[in-house]
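Visitor: Once you've had a glance at the structure underneath, I'll fire off some questions.
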Amino acid sequence: MARLSSRKLEEAIKMSSEQDMIELIKTIKKENSHNPKISTKIIYGASIEKEVEAFALKNNIDIICIGTKGASGLKKVIIGSNAAAIIENSSIPVLTIPEYARYRGVDNIVYSSDQENLDEEFEIIIPFAKLMKAWIHILHINEDNANFDEDFQKQEKRLRTLFSYKKIKVKELKATSVVQGINQYIADVDADMVTMFTHHTNLFEKLFRKSVTQNTALQTKTPLLTFQKE
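Here this note's numbering is used: the first residue of the sequence shown is 752, the next is one more, and so on.
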C-alpha cells in the first residue's frame, strides 16, 4: 500500500509540473511580443544541482539561469538553497535573479574580486561588458582594515590598456563583511549586475558558513553572474 501511494504521489507531482510548465510558457509568450524561442523539459531526479549540470552539459548550454527568493538564519543552514547548490556544482556560468529584480538594461557591473588571478578572470568577464557597453567596477572588500600596497589607479590604467576598454574602475571598500560591502557599493553606483568567481567549498562551509558567493546570491537584490574558478 505504501508503494502504491508513493506511485500515485509521483504521478500527481508529474502532472502538476507539466501543467505548471504549460501555463508558464503561455504567460511568457503573452508578455513578450517578440515571440521568444522556447523549448521545455521536465526532469525527475534526487539532486537538482546534478540534474541541471548533466542536462546543461549534454545540451551544450552556455548559461544557466535560476530565480532566488533568499533565505536567512537557521532556515538557510538547514534547508539550503537550490541556487547556491547549482552555483557550487556548475561548471557553466550561472545567472541568479532575485524575485523582485526588474530588467532595465546593464550599464554597471560590479566585479567583486580578491585580486588573485585578476587578469585571467577579467578576460572572461570583459566580453559580457563589451557586449552591453557597460562599466565594470572592480571591487575589493577590505574586512580587516589592512593596508594594501596595491596602487588601484595604476591597476585601473593597466587594465584599460591591456583589454582595450575604457569603462573600467577599481575600488577598495572597507566593510564589516563582504556581502555588506557589495550591497553598499551596489547602491552607491546603482549597479545592474554583480559578477563573482566561486570555488568548491568544504563540508564545514557547506553546513555552517556557506561561501561568499552563495551568501551573496541569497542576500543581494541584484542579479548575480558566477563562474567557477576551476
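Note that CB positions come from ideal geometry on N, CA and C, so glycine has one too.
As the structure is a computational prediction, the values presented were derived from the model and not from experiment.
(1) Keeping to the same chain, check which residues put their C-beta closer than 8 Å to that of LEU924; ignore five residues upstream and five downstream.
(2) Between SER863, LYS980 and PRO974, which lies nearest to LYS820 when the distance is taken from Cα to Cα?
(3) If we count the other Cβ atoms within 10 Å of its Cβ and call it buried at 16 or more, is GLU854 buried or exposed?
(4) Is it buried or exposed, ALA763, if we count other Cβ atoms within 10 angstroms and call 16 or more buried?
(5) Work out the CA separation of LEU869 and PRO787 for me, nearest whole Å.
(6) Could you check where the beta strand (DSSP E) with GLY818 kicks off and where it finishes?
(7) Could you please give the first and the last residue of the uninterrupted alpha helix (DSSP H) stretch that includes VAL929?
(8) Tell me where the alpha helix (DSSP H) around GLU800 begins and ends.
(9) In angstroms, rounded to a whole number, what distance separates the CA positions of LYS780 and GLY818?
Guide: According to the data block:
(1) Here residue 924 refers to the residue found at position 173 when the sequence shown is read from its first residue. Correct list, in chain order: LEU890, HIS891, ILE892, ASN893, GLY932, GLN935 and TYR936.
(2) In the sequence shown, counting from the first residue as 1, residue 820 sits at position 69. Nearest option by C-alpha distance: PRO974.
(3) Here the question's residue 854 lines up with position 103 in the sequence shown. According to the sequence as given, residue 854 is Tyr; it is not Glu. Exposed: under 16 other Cβ atoms inside 10 Å.
(4) For the purposes of this step, residue 763 is taken as residue 12 along the sequence shown, with counting starting at 1. Exposed, by the Cβ-count rule.
(5) If you number the sequence shown from 1, residue 787 lands on position 36. If you number the sequence shown from 1, residue 869 lands on position 118. Rounded to the nearest whole angstrom, the C-alpha separation of PRO787 and LEU869 is 36 Å.
(6) Working through the sequence shown from its first residue, we reach residue 818 at position 67. Segment 815-819, the beta strand (DSSP E) holding GLY818.
(7) Locating residue 929 in the sequence shown gives position 178, counting from the first residue. VAL929: member of the alpha helix (DSSP H) spanning 929-940, first to last residue.
(8) Here the question's residue 800 lines up with position 49 in the sequence shown. Per DSSP, GLU800 belongs to the alpha helix (DSSP H) from 799-809.
(9) Counting from one through the sequence shown, the residue named residue 780 turns up at place 29. Counting from one through the sequence shown, the residue named residue 818 turns up at place 67. So the two alpha carbons sit approximately 19 Å from each other.
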